[in-house]
Amino acid sequence: MGMAKRAVAAIDKVLMNKERFHLLSREFHYGNEVPQNPKASPKNVARRLSVRDRVNNFNEIS
0 MGMAKRAVAA IDKVLMNKER FHLLSREFHY GNEVPQNPKA SPKNVARRLS VRDRVNNFNE
60 IS
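Just so you know, we're using numbering that gives the first Met the number 0 here: the sequence shown kicks off at 0 and counts up by one.
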């Protein structure tokens with residue numbers, strides 16, 4: 000991944016004649032703290048499909 004980013008940055012610099020790859024990623028800060036009172040969230044419920052509807056397609060995972 001790192002080499003691909005460097006390659007993309009080099010290609011972009013050649014094509015656009017300026018260095019602008021660094022503008023794509025924003026700087027962010029986060030705290031590595033556990034919340035004191037976490038809230039429960041509803042569970043995701045998967046759709047049920049019969050085997051006949053799942054055969055030879057990707058409906059099971061879409």
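Note that beta-carbon positions come from the ideal geometry of N, C-alpha and C, so glycine has one too.
Keep in mind that this is a model prediction, so the values were computed, not measured.
Rounded to whole angstroms, the separation of the alpha carbons of A8 and F20 is 6 Å.
Looking at N16, L14, E32, K4, the one whose alpha-carbon comes closest to that of L23 is K4. Pairing G30 with K38, the inter-Cα distance amounts to about 18 Å. Taking 7 Å as the cut-off, the beta carbon of D52 is found no closer than this to the beta carbon of N43.
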